[in-house]
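Enquirer: All letters in the sequence shown, in the order written, are residues 223 to 520 by the numbering used here.
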Amino acid sequence: MPSNDTLNNNSMANVPSSSVFKDDIFRGKVLFCTGGGTGICQKMVEAVMRHGASAFIFGRRENVLHATSSDLSRHTLQRCSYASGDVRSIESLERAVAKCISEYGRIDFVIAGAAGNFLCPIDQLSPNAFKSVVEIDLLGTYNTIKATLPHLKKTKGSFISVSATLHYFGTPLQAHVSSAKAGVDALSQSVAVEFGPHGIRSNVIAPGPIGDTEGMSRLSTPESQKTILKNIPLQRFGTRGDIANAAVFLFSPAASYITGTILICDGGEHHTRPSTSFDAYRQTNEGGNKPRKPNSKL
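This is the structure we're talking about:
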């Protein structure tokens with residue numbers, strides 16, 4: 223397995239090798255991932271590829287996908303292909319899945335990670351803005367499930383939805399994404415129950431505060447970050463590598479009896495958050511962060 227020291231700091235860095243698992247644990251497997259061009263999902267894809275899988279990533283920006291797929295292939299020595307499109311369109315996803323099957327012949331693992339988010343109080347949140355986030359996060363996850371299920375039935379595959387911890391409590395300025403992610407959690411559990419008899423597992427990874435992400439810098443202020451960090455029991459922000467390792471575990475045989483579960487990866491922050499989220503909200507709001515247009519992480 224390539225050493226992390228050899229990776230480019232701007233693209234493939236900060237992903238632990240998950241060396242507790244064999245290097246080739248996913249050899250011969252194929253991963254399909256929406257939102258895999260950047261951010262947390264890119265790191266999840268890389269971690270799975272580092273353990274032997276090929277990958278197919280789907281997103282909105284073709285230039286980003288092209289660069290990411292090339293980097294992933296170069297650094298993991300595995301194949302990575304891509305298709306551009308919109309997760310809100312089932313036809314777009316069906317075409318991407320067909321291309322993946324044409325190239326690789328199978329799909330074993332699926333990550334639904336496309337998401338959009340911005341800060342906005344409810345009284346300033348337009349119906350179209352609310353709808354946009356729900357369509358990207360929740361409808362996009364449903365479309366990903368719908369397009370890949372026939373192939374997961376054949377391989378008895380595994381599905382991971384990327385959620386959040388925002389909706390486990392009342393999170394100010396996040397009503398839209400909290401509503402969408404609550405739906406993602408429920409949808410994943412329904413998939414687990416309905417398709418468990420087919421050998422398909424469906425789980426959720428719910429990241430908490432992840433420090434090395436665009437979202438952390440865009441959706442918070444230095445003051446609110448201090449408040450959040452102070453109340454994380456493990457006393458650090460998470461990394462994209464932490465979430466990537468969780469994905470490796472859930473896809474691995476070690477998790478073969480785990481389905482319908484929400485794996486919260488937040489350093490214990492959800493246990494202390496009720497007493498701190500409003501203070502962080504006030505600091506963020508007073509820091510001058512204004513409502514923004516929806517921004518997809520595709």
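Ideal Cβ positions, reconstructed from N, Cα and C, are used throughout, including at glycine.
Values in this document were obtained by computation on a predicted structure and should not be read as measured data.
Would you check if the stretch 348-362 and the stretch 399-407 touch, i.e. whether three or more CB-CB distances between them fall below 8 Å?
Expert: Touching, per the Cβ criterion.
Enquirer: Taking only runs that begin and end inside the stretch 321-379, name each unbroken alpha helix (DSSP H) of 4 or more residues, in chain order.
Expert: Counting only runs of 4 or more, we get 349-356 and 362-377.
Enquirer: To the nearest angstrom, report how far apart alanine 408 and isoleucine 333 are at their CA atoms.
Expert: Spanning the two alpha carbons is a distance of roughly 16 Å.
Enquirer: Three Cβ pairs or more, each shorter than 8 Å: is that satisfied between the stretch 415-433 and the stretch 374-383?
Expert: Touching, yes.
Enquirer: Can you tell me whether DSSP reads arginine 458 as helix, strand or coil?
Expert: Correct three-state label for arginine 458: coil.
Enquirer: Under 8 Å between the Cβ atoms of valine 426 and leucine 485?
Expert: Yes, these two residues count as a Cβ contact at 8 Å.
Enquirer: Can you tell me the Cα-Cα spacing of alanine 369 and alanine 336, whole angstroms?
Expert: Cα-Cα distance, rounded: 15 Å.
Enquirer: Give me the residue from Cys487, Gly258, Lys448 and Gly489 with the minimum Cα distance to glycine 307.
Expert: Among Cys487, Gly258, Lys448 and Gly489, the Cα nearest to that of glycine 307 belongs to Gly258.
Enquirer: Straight-line CA distance for arginine 317 to leucine 456?
Expert: For arginine 317 and leucine 456, the distance between alpha carbons rounds to 43 Å.
Enquirer: Measure how close the beta-carbons of serine 295 and cysteine 302 come, nearest whole angstrom, since I'm counting them as under 8 Å.
Expert: Indeed, because the Cβ distance is near 5 Å, the residues count as touching under 8 Å.
Enquirer: May I have the straight-line CA-CA distance separating glycine 392 from arginine 495, to the nearest angstrom?
Expert: In a straight line, the C-alpha of glycine 392 is about 10 Å away from that of arginine 495.
Enquirer: The beta strand (DSSP E) with leucine 388 in it runs from where to where?
Expert: Run containing leucine 388: none; DSSP gives neither H nor E here.
Enquirer: Please determine, among Arg458, Leu253, His273 and Ile432, the residue with the shortest C-alpha to C-alpha distance to serine 385.
Expert: Nearest C-alpha to serine 385: Ile432.
Enquirer: Should glycine 460 and glycine 489 be called a contact, given that it needs their Cβ atoms to be closer than 8 Å?
Expert: Closer than 8 Å, so yes.
Enquirer: Taking only the alpha-carbon atoms, compute the straight-line gap between isoleucine 344 and arginine 462 and give it to the nearest angstrom.
Expert: One C-alpha to the other measures close to 30 Å.
Enquirer: What's the C-alpha gap between cysteine 263 and alanine 428?
Expert: Rounded to whole angstroms, cysteine 263 to alanine 428 spans 12 Å at the Cα level.
Enquirer: If you draw a straight line from the C-alpha of threonine 449 to the C-alpha of leucine 361, how long is it?
Expert: One C-alpha to the other measures close to 33 Å.
Enquirer: In the DSSP assignment, what are the bridge partners of threonine 256?
Expert: The partner list for threonine 256 (beta bridge, DSSP) reads Phe280 and Ala334.
Enquirer: Which of the three DSSP states, helix, strand or coil, is assigned to phenylalanine 243?
Expert: Of the three classes helix, strand and coil, the one that applies to phenylalanine 243 here is coil, per DSSP.
Enquirer: By DSSP's criteria, phenylalanine 381 is part of a beta bridge. Which residues make up the other side?
Expert: Paired residue(s): Val332 and Ser424.
Enquirer: Figure out for me which residue from Asn285, Gln300 and Lys265 has the closest Cα to the Cα of serine 276.
Expert: Of the candidates Asn285, Gln300 and Lys265, the one whose C-alpha sits nearest the C-alpha of serine 276 is Gln300.
Enquirer: Specify the secondary structure class of proline 429 as computed by DSSP and reduced to three states.
Expert: Looking at proline 429 - three-state DSSP - the assignment turns out to be strand.
Enquirer: What span of residues does the beta strand (DSSP E) with isoleucine 450 cover, start to end?
Expert: Run containing isoleucine 450: none in the beta strand (DSSP E); it sits in the alpha helix (DSSP H), 444-452.
Enquirer: Within the same chain, show all residues whose beta-carbon is closer than 8 Å to that of alanine 469, passing over the 5 residues directly before and after it, in chain order.
Expert: Around alanine 469: Met266, Ala269, Val270, Ile333, Ile382 and Ile427.
Enquirer: DSSP state of isoleucine 480, grouped into three classes?
Expert: Coil at isoleucine 480, not helix or strand.
Enquirer: Check the DSSP bridge columns for cysteine 487 and list the partner residues they point to.
Expert: Beta-bridge pairing links cysteine 487 to Pro429.
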